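Colleague: Be aware that the sequence shown starts at 4, since it is given in the working numbering, and climbs by one per residue.
Think of the CB as a built atom: it goes at the ideal place given N, C-alpha and C, for glycine as much as any other residue.
All values reported here derive from a predicted model rather than from experimental measurement.
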Amino acid sequence: MQMEEKDMIHFLVWAVNGLLSVIMSILAFVLHDTRKELSDVKRELNDHKVDAAKTYAPISDIKDLHEKVDNGFNRIIDMLQRMNKQK
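The structure is reproduced here in structure tokens:
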């Protein structure tokens with residue numbers, strides 16, 4: 004019992020259609036899962052932005068830190084100048 008050419012074509016179309024259907028289902032599942040993960044990451048990043056905004060140091064603390072850094076640099080410059088004079 005041989006298949007006619009027309010029957011073979013119908014069978015191939017049916018097989019390819021089934022294969023494409025399976026591939027599309029897998030892709031849809033993977034892409035949906037990836038989209039969900041990306042939205043979770045975006046939500047986490049937004050949460051961290053809010054946390055970071057809450058943790059900014061008050062201006063007075065920043066001024067104190069700036070003064071400490073200036074004092075440290077001035078001490079280093081003084082030490083280098085003394086070393087230069089000793090040479």
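Nearer than 7 angstroms: is that true of the beta carbon of V72 relative to any heavy atom of the ligand MG?
Modeller: Absent from the structure shown: the ligand MG. Ligands present: none.
Colleague: Rounded to the nearest angstrom, what separates T37 and A18 at their Cα positions?
Modeller: If I take the Cα positions, the gap works out to 29 angstroms.
Colleague: Using the C-alpha atoms, what's the distance from V16 back to L23?
Modeller: So the two alpha carbons sit approximately 10 angstroms from each other.
Colleague: Quick check on DSSP: helix, strand or coil for E8?
Modeller: Residue state, collapsed to three classes: helix.
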